[in-house]
Each structure stands twice: as C-alpha cells, then as structure tokens.
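Here the numbering used here is used: the first residue of the sequence shown is 58, the next is one more, and so on.
Each residue gets a CB set at the ideal place from its N, CA and C atoms; glycine is no exception.
What follows is a single structure, written as structure tokens, with notes after it.
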Amino acid sequence: MTRLDAVVVGAGFSGLYMMHLLRQRGLTAQGFEAGKDVGGTWYWNRYPGARCDSESLSYSYSFLPELDQAWKWPERYAEQPEILKYIEHVATTLDLRSAFQFETRVTAATFNEADDTWTVETGSGDQVTARYLIMATGCLSKPNMPDIPGIDSFRGDAFHTGLWPHGGVDFSGQRVAVIGTGSTGIQSIPHIANQASQLFVFQRTANHCVPARNGPMDPVVERTYKSRYSHMREKARHSMAGDVVPESYVTIMKLSPQERRKEFNRVWSQGGFYTQYPFTDLMTDIRANDLVADYSREHIRNKIRNPRTAELLCAKDHPFGTKRLCADTGYFESYNEEHVHLVDLNTTPIRAITPTGVEVSDGHYEVDAIVYATGFNAMTGALTAVDIRGSSGEILRDAWTGGPVNYLGLSVAGFPNLFTVTGPGSPSVLTNMVSSIEQHVEWIDRCVASLEERGATRIEATPEAQATWVQYVNDTADATLYPQANSWYIGANIPGKARVFMPYVDGLKDYRDRCDAVADDGYAGFTVA
Ligand code: N01
C-alpha cells in the first residue's frame with residue numbers, strides 16, 4: 058500500500074492551495090477528486106446564471122501577487138466559467154493536477170492507532186496510507202434532492218443545479234419548472250425565463266435579496282484596486298467578512314429617519330453584500346433589521362406589476378440576512394413576463410412529481426423539464442458521506458448525529474490528524490470563502506510543519522477544548538438574529554438533520570486571532586504526541 062505524508066480530498070480552491078503548501082514543505086501528498094478536473098464548486102455548479110456574489114477582485118487567491126496584476130476579471134462579479142478558468146490556470150501554473158487522481162471519490166478513511174496514520178479508500182478500490190487526512194470537500198458540495206413522492210417517475214429532463222450538465226441545457230420553447238428560490242434559483246430563473254416558453258417557479262420561502270449591481274469591470278476601480286492589491290488583501294484578511302470593509306460603520310437605531318433613508322439608499326445603490334456590512338446592529342437588533350427588511354420589500358413592490366405576486370416575493374418569515382442573502386440581477390423583473398408564473402407552495406404544497414409534471418394541492422403543471430434548485434446538505438454533508446472512522450472506531454457521521462462538534466472548525470476529538478477545511482464552527486460561509494480558505498489552509502500547514510519539526514506523529518483536539526469551542530460558537534450565534542431563520546446554516550433544509558447553528562458568527566478576523574493564539578500557545582486545546 059502507498060504510504061504518504063498526507064491525503065487531500067477535493068481539488069477546489071481549498072484542496073489546491075493545501076496541496077501547493079504541502080508540496081512546498083517537501084511532503085508527499087496524494088489528492089483525490091470526484092470530478093474530472095479541478096474547480097470544486099465551480100466545476101459542478103454550471104447552471105445558467107451561476108456567478109459569484111463576492112466581487113471578482115477579492116474572490117481569488119492572495120498568495121499569487123503576480124497573477125493579481127495579470128488577471129483580467131471582465132465583470133464586477135465573475136461568472137462561473139471565468140472563475141473556473143482562473144482555478145484551471147492556477148492548477149496549470151503550479152502543476153497541481155499531477156498531485157490529484159480525478160474521477161475518484163473517497164469512500165472511507167480509518168485511523169490506525171498502531172502508527173497514527175489514516176488508511177484512505179476510494180470508490181475505485183485504491184487504498185493509501187497517510188499521516189494526515191485533509192478534507193477539503195467544501196461546505197456546499199453535497200446536493201440536496203427533495204424527497205417528493207414520484208420524483209423518479211418524471212419522463213422529461215430533470216436537473217439539480219449543483220450537478221449541471223457540462224454541455225449546458227437549452228430550454229428554448231420548453232415548459233420548465235424550477236423548484237427552489239435560494240441564491241441559485243434567483244440567479245438561474247432570469248436566464249431560464251429567457252429561453253422557456255412557460256416557466257413555473259415553485260416557491261416555499263421568499264428570500265431576502267439585495268441588488269447585485271453587476272456590470273462590466275469599471276477600469277478605474279480595477280486600476281485603483283490593482284495599485285493597492287497587497288493592502289486590500291491585508292485589509293480583507295483582518296476583516297469581519299474576509300472582504301474589503303466599509304470605510305465607516307453606523308448604528309441604524311441611532312440614525313434619524315432621514316439619515317437612515319439616506320444610508321439605505323447609499324448602500325442599496327452600491328449593491329451586493331455591502332448592504333449588510335456597514336451596520337453594527339443589523340444582525341443583533343430586530344428593530345434595526347425590520348427597518349432594512351421594510352426598505353427592501355418596498356423595492357420589490359415597486360418592481361413588480363402584479364401586487365399579489367409582489368407580496369408573495371417579499372420575504373417575511375425570517376429577519377433580513379438570517380438566511381444567506383441573495384443577489385438579484387433581473388430576478389424580480391422576470392415575474393413581469395407573461396410566461397413566468399409563481400406558484401406559492403405555502404398555499405398549494407407539492408403533492409408529487411408525476412411522469413409529466415408537478416402536482417400541487419390544487420392542480421397539475423405539465424412541464425418538459427424540472428430544475429431542482431434545492432440546495433445542499435451544507436457544511437456537514439460532504440464529510441458525513443464518507444465513512445471516517447476515528448481512533449475508537451467511531452464513525453464521524455455517528456459522532457455528529459446531534460449536530461457537528463469540533464474544535465476551531467478544524468479538528469474533531471477522537472479523530473487525530475484529521476483536518477477539515479471550512480468545516481462547521483468556522484466563519485467560512487459567512488465570509489468571502491477564498492479568504493477563509495486561505496486562513497484555514499495556512500493554519501493547517503503551520504500545524505503540520507510544527508508536528509514534523511517536533512517529530513510528533515499525532516495531534517488531536519481534547520474533548521474539553523471541543524466542548525468549550527462548540528459552546529462558544531452557539532453562544533455567539535444565539536446573541537444574534539441568525540438562529541431565528543429556518544436556514545441551511547442551522548440544518549433546517551434537511552429533514553431529520555440536527556438543528557445546530559453551524560457557522561462561526563464573530564467574523565474572520567476574530568477567528569483568525571483565536572486560531573493563531575492556539576498555535577502560538579503550542580497548540581492549546583490539543584494533545585500532541
Ligand atoms: O440552496 P438554498 P441554493 N420543496 O438552500 C427550496 C451558495 N451559493 O443552491 O427556503 C420545495 O439556499 C428551499 O426552500 P426553503 C450560497 O451560500 C453561492 O440556492 O427551504 N422547495 C429554497 O428556496 C447559497 O446560500 C453562490 O423553504 C424546496 C431552495 O430550495 C448556497 O449556495 C451562488 C424543497 C434552496 O435554497 C445554497 O444556495 C449560488 C422542497 N422539498 C449559491 N427543498 C455564490 O455566489 C428545498 N427547497 C458563490
């Protein structure tokens with residue numbers, strides 16, 4: 058059996074950077090990736106309109122300053138093909154593909170007490186042994202297909218947005234159903250509407266949206282950014298959101314109604330997630346949150362001609378931003394088209410998928426194609442899908458039945474030498490993902506280097522440190538409005554999944570400081586042997 062220093066699972070932004078750093082340290086590492094090539098999220102999510110909601114100039118690696126200058130992002134927010142092209146370019150430049158075995162899914166990993174190694178098995182029958190196992194499997198990579206009666210009986214074409222066909226899909230002249238109105242549904246619906254002859258959107262929950270304000274890259278913005286790239290990266294690294302931060306902050310409840318209006322107009326005209334960043338009380342004071350939510354609903358009512366449709370599209374059942382905000386480019390306007398119909402699943406729930414369409418409580422919609430924009434088993438799904446057996450033989454999936462527990466979002470008690478990149482308990486999904494990924498990967502790299510230097514063969518979170526961390530993550534989330542929504546952050550989208558708020562809400566800077574303090578303190582909260 059091949060013996061290695063490390064196995065890296067996943068060839069997205071995380072896995073590629075991890076592999077690069079391990080190789081730079083002179084360690085032997087093997088990567089496994091289920092896809093045919095690199096890209097991770099950006100390899101699989103090829104649905105029409107797929108685009109990053111973080112701005113292109115900040116959604117890229119910071120460790121390649123020459124590439125920062127050379128790379129041309131055509132738009133304010135990059136489309137999926139542009140991001141994939143960037144990742145492919147990095148993989149080629151750093152010769153990272155040679156470290157990965159593609160079209161290979163890791164199915165099991167077992168810790169060997171005798172020599173502090175992991176034996177990793179793949180669906181193709183490979184077995185390798187390595188000191189470290191690094192799961193760079195992504196937070197939103199395990200697609201969630203809804204459990205609807207008759208789902209397999211449909212005779213038309215059915216697609217999940219997270220597993221989109223590589224050649225694309227032409228919906229021209231077709232009657233299409235889209236189920237789901239999260240970020241993905243909201244990005245894809247205007248594009249599908251442009252092709253379909255009839256489009257039926259099945260909505261269970263209206264989501265809060267902000268205007269994306271996408272457009273061609275402004276050359277002045279690009280020039281300015283590029284002239285200060287290292288400064289911008291440094292600011293992002295030490296910011297709450299892992300992104301470039303606003304110049305100043307305001308407390309909504311301290312503003313007069315006129316000041317508030319001016320401030321809301323300002324952030325709305327900037328668009329994107331900037332609408333969230335400058336407000337200190339948005340996510341903690343429901344009165345402030347309600348004011349922003351009211352303002353956003355006003356925009357929807359102004360955009361949509363049919364008042365009943367407008368009301369259905371106004372998010373009302375959860376505070377603004379407590380589910381992942383969606384960035385809107387032409388989404389609401391789609392409903393002004395005569396061939397686009399909104400079906401409210403609260404009044405007419407789906408009963409079944411039939412061979413010819415979607416049956417709801419008061420009728421049947423005949424369609425040629427169904428698009429499931431129904432999201433992911435987020436943060437834990439890709440980890441619990443693998444039979445990861447720790448030192449006592451316990452499977453990670455079983456250890457997490459009551460919700461994920463770990464230390465720093467990086468390490469699980471009972472699972473020595475296992476690292477999770479952007480795992481539950483980390484800020485990841487509440488930040489610019491690439492900034493968080495870099496922090497995690499660099500921390501793991503430093504930890505591995507320290508173990509190698511000390512001649513240690515094993516590192517493991519203590520149950521006490523893990524319990525304290527989990528409590529801290531829960532307590533800080535409970536001090537915000539986040540847990541008030543039935544979101545994937547809390548596992549609410551997956552029937553039977555434990556309801557535990559998973560992301561770390563205190564931001565990347567605070568998280569980085571805590572992780573660095575642990576490392577500076579000789580890996581406090583871990584046992585090293
Ligand atoms: O998934 P979602 P997504 N019957 O879970 C509905 C990231 N992302 O793929 O809200 C009917 O948000 C469900 O309804 P409800 C981003 O972090 C990033 O859209 O549960 N409906 C909801 O409307 C995002 O948050 C980018 O009531 C059902 C929808 O399906 C994350 O990916 C771009 C249903 C699922 O929404 C996931 O977004 C796009 C059922 N049985 C996405 N089951 C970037 O910018 C589910 N739904 C990088």
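- prompt: Straight-line CA distance for M58 to Q184?
  reply: One-based indexing of the sequence shown puts residue 58 at position 1. One-based indexing of the sequence shown puts residue 184 at position 127. One C-alpha to the other measures close to 6 angstroms.
task: Using 10 angstroms around the beta-carbon of P335, count the other beta-carbons present and answer buried if the total reaches 16, otherwise exposed.
output: Walking along the sequence shown from the start, residue 335 turns up at place 278. When all chains shown are included, P335 counts as buried.
message: Taking 6 angstroms as the limit between beta carbons, can you name the residues of its chain near L487, skipping five residues before and five after?
response: Locating residue 487 in the sequence shown gives position 430, where the first residue counts as 1. If we look at L487 and ignore the five residues flanking it on each side, its Cβ neighbours are P560.
message: For W101 and N346, I'd like the C-alpha separation in whole angstroms.
response: Along the sequence shown, one-based indexing puts residue 101 at 44. Along the sequence shown, one-based indexing puts residue 346 at 289. Approximately 34 angstroms between the Cα atoms of the pair.
query: Quick one: any contact between the region 63 to 74 and the region 133 to 149, if contact means 3 or more CB pairs under 8 angstroms?
result: yes
message: Considering only DSSP beta bridges, list what H398 is partnered with.
response: Locating residue 398 in the sequence shown gives position 341, where the first residue counts as 1. Its beta-bridge partners are F257.
message: Taking 8 angstroms as the cut-off, does the region 121 to 139 touch the region 229 to 246 (at least 3 CB pairs, one atom from each stretch)?
response: no
field: Beta-carbon spacing of S610, Y104 below 9 angstroms
entry: Beyond the ends of the chain as shown, which are 58 and 586, falls residue 610; an answer cannot be given.
Rounded straight-line distance, which links the Cα of V562 to that of R354: Mapped onto the sequence shown, residue 354 falls at position 297. Mapped onto the sequence shown, residue 562 falls at position 505. Taking the straight line from one Cα to the other gives about 25 angstroms.
- prompt: Going by the CB atoms, is the gap between F216 and V415 shorter than 9 angstroms?
  reply: In the sequence shown, residue 415 corresponds to position 358, counting from 1. In the sequence shown, residue 216 corresponds to position 159, counting from 1. Taking 9 angstroms as the Cβ cut-off, V415 and F216 do not qualify as a contacting pair.
query: My guess is that F157 and F89 are in contact by the Cβ rule of under 8 angstroms, so how many angstroms apart are they, rounded?
result: Position 100 of the sequence shown, counting from 1, holds the residue named residue 157. Position 32 of the sequence shown, counting from 1, holds the residue named residue 89. The Cβ separation is near 7 angstroms, so the contact holds.
message: If we require 3 or more residues per run, which beta strand (DSSP E) segments fall completely within the region 418 to 486?
response: 420 to 423, 426 to 429, 444 to 446, 475 to 477
- request: Verify the contact flag: F259, CB atom, against every heavy atom of the ligand N01, threshold strictly below 8 angstroms.
  value: Your numbering for residue 259 matches position 202 in the sequence shown. Yes, the ligand N01 has a heavy atom inside 8 angstroms of this Cβ.
query: Looking only at C-alpha atoms, which of R294, Y331, P473 sits nearest to S305?
result: Here residue 305 refers to the residue found at position 248 when the sequence shown is read from its first residue. The shortest Cα separation from S305 among R294, Y331, P473 belongs to Y331.
- request: Could you check which residue in S119, P122, L124, L114 has the C-alpha nearest to that of P131?
  value: What you label residue 131 is simply residue 74 of the sequence shown in a count that begins at 1. Residue L114 is the option with its Cα nearest to P131.
Beta-carbon contacts of L79 that lie in its chain and below 6 angstroms, excluding the five residues immediately before and after: Start at 1 with the first residue of the sequence shown, and residue 79 comes out as number 22. Correct list, in chain order: A63, A86.
field: Span of the beta strand (DSSP E), counted from its first residue to its last, around I191
entry: Within the sequence shown, residue 191 is the residue found at index 134, counting from 1. Where I191 is concerned, the enclosing beta strand (DSSP E) stretches over 184 to 192.
task: Sort N474, V462, G564, R133 by Cα distance to V557 and report the nearest one.
output: Stepping through the sequence shown from its first residue, residue 557 is reached at position 500. Selected option, being the one with the closest Cα: V462.
query: Do G219 and E160 come within 9 angstroms of each other at the CB atom, strictly closer than that value?
result: Your numbering for residue 160 matches position 103 in the sequence shown. Your numbering for residue 219 matches position 162 in the sequence shown. Cβ atoms of E160 and G219: not closer than 9 angstroms.
task: Can you grab the Cα-Cα spacing for the pair A513 / A586, in whole Å?
output: If you number the sequence shown from 1, residue 513 lands on position 456. If you number the sequence shown from 1, residue 586 lands on position 529. When rounded, the distance between both Cα atoms is 5 angstroms.
- prompt: When every heavy atom of the ligand N01 is checked, does at least one fall within less than 8 angstroms of the C-beta of R108?
  reply: The residue you call residue 108 lines up with position 51 of the sequence shown. R108: yes, Cβ under 8 angstroms from the ligand N01.
Among L565, F583, D578, the one whose alpha carbon lies nearest that of H295: Your numbering for residue 295 matches position 238 in the sequence shown. When only C-alpha atoms are compared, the closest one is L565.
message: Any heavy atom of the ligand N01 closer than 8 angstroms to the beta-carbon of I243?
response: Locating residue 243 in the sequence shown gives position 186, where the first residue counts as 1. Yes, Cβ of I243 sits closer than 8 angstroms to a heavy atom of the ligand N01.
query: For H265 versus K380, is the C-beta spacing smaller than 9 angstroms?
result: Along the sequence shown, read from residue 1 onward, the residue named residue 265 stands at position 208. Along the sequence shown, read from residue 1 onward, the residue named residue 380 stands at position 323. Yes; because the gap between Cβ atoms is below 9 angstroms, this pair is in contact.
message: Which residue marks the beginning of the beta strand (DSSP E) containing L61, and which one marks its end?
response: Position 4 of the sequence shown, counted from the first residue, corresponds to residue 61. L61 -> beta strand (DSSP E) spans 59 to 66.
- request: Use the C-beta contact count for T525: other C-beta atoms within 10 angstroms, 16 or more gives buried, fewer gives exposed.
  value: As a first step, residue 525 must be located in the sequence shown, where it is residue number 468. Burial call: exposed.
task: Determine the direct distance from the alpha carbon of T404 to that of Q260, and round the result to whole angstroms.
output: Working through the sequence shown from its first residue, we reach residue 260 at position 203. Working through the sequence shown from its first residue, we reach residue 404 at position 347. Rounded to the nearest angstrom, the two C-alpha atoms are 10 angstroms apart.
- prompt: Cα-Cα, which of D275, L465, G438, T537 is closest to G553?
  reply: The sequence position of residue 553 within the sequence shown is 496, counting from 1. Of the listed residues, the one whose Cα sits closest to G553 is G438.
message: Quick check: does the Cβ of T431 come within less than 8 angstroms of any heavy atom belonging to the ligand N01?
response: Looking up residue 431 in the sequence shown gives position 374. Yes - the ligand N01 has a heavy atom lying nearer than 8 angstroms to the Cβ of T431.
- request: Say yes only if the C-beta of W545 is nearer than 8 angstroms to one or more non-hydrogen atoms of the ligand N01, and no if none qualify.
  value: On the sequence shown, residue 545 is found 488 positions in, with the first residue counted as 1. Correct: W545 has its Cβ closer than 8 angstroms to the ligand N01.
field: Cβ separation of G328 and A372, assumed to be a contact under 8 angstroms, to the nearest whole Å
entry: As a working mapping, residue 328 is identified with position 271 in the sequence shown. As a working mapping, residue 372 is identified with position 315 in the sequence shown. Not confirmed; about 18 angstroms, so no contact.
- request: Reducing DSSP to helix, strand and coil, say where G564 ends up.
  value: Along the sequence shown, one-based indexing puts residue 564 at 507. Residue state, collapsed to three classes: helix.
message: So for N251, helix, strand or coil by DSSP?
response: If you number the sequence shown from 1, residue 251 lands on position 194. N251 falls in the helix class under three-state DSSP.
Nearest to Y392 (by Cα), restricted to the options N271, V417, R358: On the sequence shown, position 335 is the one that residue 392 refers to. Nearest of N271, V417, R358 to Y392, Cα basis: R358.
Alpha-carbon spacing of G447 relative to G471, whole angstroms: Translated into the one-based positions of the sequence shown, residue 447 becomes position 390. Translated into the one-based positions of the sequence shown, residue 471 becomes position 414. Whole-angstrom Cα-Cα distance: 6 angstroms.
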